[in-house]
Amino acid sequence: MKAIKRELGEESEGGAEVADFEKRIKEAGLPEHAADAARKELDRMRVMSISSAEYSVIRTYVEWLVSLPWSKSSSDELDLKQAETELNEDHFGLEEVKTRILEFLAVRKLKRDNRGPILCFAGPPGVGKTSLGRSIARSMNREFVRMSLGGVRDEAEIRGHRRTYVGALPGRIIQSLRKVGVNNPVIMLDEIDKLGSDFRGDPSSALLEVLDPAQNNTFSDHYLDVEFDLSSTFFITTANDVSQIPGPLRDRMEIIDIPSYMTDEKVQIGERYLLPRQLEEAGLKPSHLFITEPGMRAIISGYTREAGVRRLEQRIGSICRKIARSVAEGKRRRVKLTGEHVANFLGPAPYAEDTLPDHPQVGIALGLAWTPVGGEILVIESTSMPGSGKLQVTGMLGEVMRESSQIALSYLHAHAESLAIPADRFAKQDIHLHVPEGAQPKEGPSAGIALATSLASLLSDTPVRNDLCMTGEITLTGQVLPVGGIREKIVAAARRGITTIVMPKANEKDLFYVPDHIKARLKFHFVADLGHALRMTMQQPVKRTKNSRKSVVA
Ligand SMILES: Nc1ncnc2c1ncn2[C@@H]1O[C@H](COP(=O)(O)OP(=O)(O)OP(=O)(O)O)[C@@H](O)[C@H]1O
Ligand SMILES: [Mg+2]
Numbered sequence: 305m306k307a308i309k310r311e312l313g314e315e316s317e318g319g320a321e322v323a324d325f326e327k328r329i330k331e332a333g334l335p336e337h338a339a340d341a342a343r344k345e346l347d348r349m350r351v352m353s354i355s356s357a358e359y360s361v362i363r364t365y366v367e368w369l370v371s372l373p374w375s376k377s378s379s380d381e382l383d384l385k386q387a388e389t390e391l392n393e394d395h396f397g398l399e400e401v402k403t404r405i406l407e408f409l410a411v412r413k414l415k416r417d418n419r420g421p422i423l424c425f426a427g428p429p430g431v432g433k434t435s436l437g438r439s440i441a442r443s444m445n446r447e448f449v450r451m452s453l454g455g456v457r458d459e460a461e462i463r464g465h466r467r468t469y470v471g472a473l474p475g476r477i478i479q480s481l482r483k484v485g486v487n488n489p490v491i492m493l494d495e496i497d498k499l500g501s502d503f504r505g506d507p508s509s510a511l512l513e514v515l516d517p518a519q520n521n522t523f524s525d526h527y528l529d530v531e532f533d534l535s536s537t538f539f540i541t542t543a544n545d546v547s548q549i550p551g552p553l554r555d556r557m558e559i560i561d562i563p564s565y566m567t568d569e570k571v572q573i574g575e576r577y578l579l580p581r582q583l584e585e586a587g588l589k590p591s592h593l594f595i596t597e598p599g600m601r602a603i604i605s606g607y608t609r610e611a612g613v614r615r616l617e618q619r620i621g622s623i624c625r626k627i628a629r630s631v632a633e634g635k636r637r638r639v640k641l642t643g644e645h646v647a648n649f650l651g652p653a654p655y656a657e658d659t660l661p662d663h664p665q666v667g668i669a670l671g672l673a674w675t676p677v678g679g680e681i682l683v684i685e686s687t688s689m690p691g692s693g694k695l696q697v698t699g700m701l702g703e704v705m706r707e708s709s710q711i712a713l714s715y716l717h718a719h720a721e722s723l724a725i726p727a728d729r730f731a732k733q734d735i736h737l738h739v740p741e742g743a744q745p746k747e748g749p750s751a752g753i754a755l756a757t758s759l760a761s762l763l764s765d766t767p768v769r770n771d772l773c774m775t776g777e778i779t780l781t782g783q784v785l786p787v788g789g790i791r792e793k794i795v796a797a798a799r800r801g802i803t804t805i806v807m808p809k810a811n812e813k814d815l816f817y818v819p820d821h822i823k824a825r826l827k828f829h830f831v832a833d834l835g836h837a838l839r840m841t842m843q844q845p846v847k848r849t850k851n852s853r854k855s856v857v858a
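One rule links them: number in our numbering = place in the sequence shown (from 1) + 304.
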């Protein structure tokens with residue numbers, strides 16, 4: 305067979321290629337087991353016709369083996385001082401996050417075996433998770449690869465297809481290692497909370513093997529079929545919602561929460577980071593555009609509604625392009641953008657904050673809601689009409705919130721006497737409770753106190769304070785239970801000029817995370833039972849002056 309082949313001139317042709325591969329196996333420093341696997345394939349190639357389909361399948365495989373960075377790594381120097389400088393250069397604020405990153409890096413520097421938990425940045429979109437990962441890679445002097453896992457449902461995307469499939473390829477981890485050409489990059493696995501799973505296998509179990517420091521030194525890709533050592537790779541993951549990460553994966557991660565930004569922080573980020581970057585993108589000089597602080601605030605409040613700063617960056621970008629055009633046409637030299645001028649560049653503001661009641665009213669209570677884009681004030685209104693004691697609830701409220709209003713009503717009925725509610729009001733009247741912005745679904749138990757206050761006010765004909773916001777879950781026996789999102793809620797309240805907050809006693813510790821200058825503006829009442837809460841919320845009415853509303857900006 306061989307002799308015939310040689311006659312046909314086939315073997316020598318393949319022979320050159322095989323010899324070339326032999327050389328590359330040595331150069332690439334393949335570990336023993338991988339070199340063996342490659343040589344076995346080379347032996348098969350020697351006796352095959354190079355025009356056969358099988359030959360090219362094998363050639364592709366060996367090509368993969370020899371081009372992986374088995375023993376090639378970039379010099380890994382971790383200078384903590386430099387890491388700190390890099391992080392500060394690219395990111396405003398985030399003090400706590402930076403501290404935790406530096407602590408994590410310090411441990412990695414001291415403990416050289418790379419066996420530690422995997423970092424996971426968790427937070428809403430646009431708060432800088434991906435860009436923090438980039439800075440870490442830069443400060444460690446390593447290559448950076450970003451890999452989005454959103455919508456990955458197939459295990460083979462992570463771990464590759466077996467070679468028996470036509471057109472099989474290694475999984476994405478191996479592919480990116482080949483692309484960067486070193487075995488110690490920083491790989492950022494974005495959106496790990498959006499992994500799917502179906503009949504094609506569960507990608508999270510494959511990821512478990514990738515991320516688990518105890519097993520990833522022998523990671524096996526289905527296509528390669530030989531083990532690859534991933535232990536020098538530095539994995540960072542990101543997620544919007546930690547609760548959606550599969551449990552076993554979550555256990556292996558060190559989760560660092562990145563909170564949403566407050567308006568003050570956004571103003572700083574806008575002025576110091578986003579504006580200079582967008583000016584450069586548009587080919588402008590810093591002297592071409594100056595945005596005043598009220599101007600920046602006008603962009604943030606009128607044209608963005610987000611937890612992060614991505615939309616803000618886009619808005620600044622479109623202003624810069626408009627200015628670039630007039631500068632290029634020779635019309636303008638420099639622009640000073642104030643709050644009033646923003647609409648000239650961006651058109652009418654799409655977002656306007658709904659107005660809060662300007663005097664205490666019966667049946668209108670202010671609750672606090674947490675949304676993915678930050679805190680919000682929830683206006684709750686109720687009214688009554690002759691009827692037979694029915695409660696109607698509108699405003700796209702979810703099941704839990706509807707139940708809260710039932711609980712509130714039952715509590716008030718049971719305690720009518722002590723709350724000065726005439727007993728016959730329940731029997732002879734229907735109540736309608738509504739939470740405006742009806743097109744927006746609302747859910748959660750945290751409006752309990754506010755719902756109860758609105759109803760208590762209606763039934764006892766006492767106005768509710770309009771400078772006071774409340775949050776807290778209630779039980780049928782009148783206990784007040786803790787709720788989430790305290791920081792965002794309080795910031796929202798301060799921004800809208802609220803002076804007093806009624807909140808669960810059990811949430812008092814969460815004030816630790818609220819900036820001091822915001823806390824200083826507010827008075828807090830911590831309550832453990834609903835009776836106490838209602839006494840606070842329905843104190844003597846306070847007249848809200850136009851001034852007190854405008855003077856406070858968060
Ligand atoms: N603290 C900050 N200082 C300066 N720039 C910031 C800060 N936070 C975010 N940015 C900028 O905002 C933009 C969006 O950030 P990034 O892409 O990192 O968001 P992300 O958290 O990864 O969002 P997603 O969850 O949508 O992927 C980037 O241009 C980033 O540089
Ligand atoms: Mg990102």
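Glycine residues also receive a C-beta, built at the ideal position from the N, C-alpha and C atoms.
From a predicted model like this one, the values you see are computed outputs, not experimental measurements.
Local conformation of residue i per DSSP, three classes
| i | result |
| --- | --- |
| Met700 | coil |
| Arg450 | strand |
| Trp937 | Residue coverage of the chain in this structure runs from 305 to 858, which leaves residue 937 outside it and unanswerable. |
| Lys813 | helix |
| Thr779 | coil |
| Val490 | strand |
| Val857 | With a pLDDT of only 34 at Val857, under the threshold of 50, the placement of this residue in the model should not be trusted; the figure read from the coordinates follows. Coil at Val857, not helix or strand. |
| Val456 | coil |
| Thr434 | helix |
| Val859 | Residue 859 falls outside the range modelled here, since the chain spans only 305 to 858, and no answer is possible. |
| Phe325 | helix |
| Met842 | coil |
| Val514 | helix |
| Asp723 | Checking the displayed sequence, the identity of residue 723 turns out to be Leu instead of Asp. Leu723 falls in the coil class under three-state DSSP. |
For residue i: DSSP bridge partner residues
| i | result |
| --- | --- |
| Pro767 | Val666 |
| Phe532 | Phe523 |
| Met557 | Ile422 |
| Lys746 | Leu701 |
| Gly678 | Thr675 |
| Met689 | Asp734 |
| Ile805 | Cys773 and Phe828 |
| Lys640 | Phe594 |
| Gly505 | Asp502 |
| Asp833 | Gln783 |
| Thr757 | Its beta-bridge partners do not exist; DSSP assigns none. |
| Thr541 | Cys424 and Leu493 |
Any non-hydrogen atom of ligand 2 within 7 Å of residue i CB
| i | result |
| --- | --- |
| Thr542 | yes |
| Asp494 | yes |
Residues near residue i by beta carbon distance below 6 Å, same chain, minus five either side
| i | result |
| --- | --- |
| Pro429 | Gly612 |
| His645 | none |
| Lys498 | Gly454 |
| Glu617 | Leu578 |
| Phe730 | Gly693 and His717 |
8 Å CB neighbourhood of residue i in its chain, flanking five on each side removed
| i | result |
| --- | --- |
| Ser855 | Model confidence at Ser855 stands at a pLDDT of 33, short of 50, so the residue's coordinates are unreliable and nothing is read from them. |
| Ala656 | Gly606 |
| Arg504 | Arg457, Asp458, Glu459 and Ala460 |
| Ala832 | Gln783, Val784, Pro808, Lys809 and Ala810 |
Sequence-distant residues of its chain with Cβ nearer than 7 Å to residue i (five each side left out)
| i | result |
| --- | --- |
| Gly377 | Contrary to the premise, residue 377 reads as Ser rather than Gly in this sequence. Val486, Asn487, Asn488 and Ser536, listed in sequence order. |
| Glu381 | Asn445 |
| Ser591 | Arg638 |
| Pro691 | The question names Pro, yet the displayed sequence has Gly at residue 691. Excluding positions up to five away in sequence, the list reads Gln733 and Asp734. |
Residue i Cβ short of 7 Å to ligand 1 heavy atom set
| i | result |
| --- | --- |
| Arg614 | yes |
| Tyr577 | yes |
| Thr434 | yes |
| Phe448 | no |
| Asp545 | no |
| Glu617 | yes |
| Gly427 | yes |
Counting beta carbon pairs with one atom in the segment 560-579 and one in the segment 519-528, are three or more of them shorter than 8 Å?
no
If contact is defined by three or more beta carbon pairs under 8 Å, each pair taking one atom from either stretch, is the segment 656-674 in contact with the segment 784-804?
yes
How about the segment 677-687 and the segment 736-749: do they share at least three Cβ pairs that are nearer than 8 Å?
yes
Taking 8 Å as the cut-off, does the segment 748-757 touch the segment 773-789 (at least 3 CB pairs, one atom from each stretch)?
yes
Report yes or no: do the segment 693-700 and the segment 812-823 share at least 3 C-beta pairs separated by less than 8 Å?
no
Just checking, does the segment 537-547 make contact with the segment 569-582 on the three C-beta pairs under 8 Å criterion?
no
With three or more C-beta pairs closer than 8 Å as the rule, is the segment 465-473 touching the segment 504-517?
no
The segment 548-555 in contact with the segment 383-393 per 3-pair CB rule at 8 Å:
no
The segment 781-791 touching the segment 763-770, judged by at least three CB pairs closer than 8 Å:
no
The segment 363-376 / the segment 326-339 touching (three or more Cβ pairs under 8 Å)
yes
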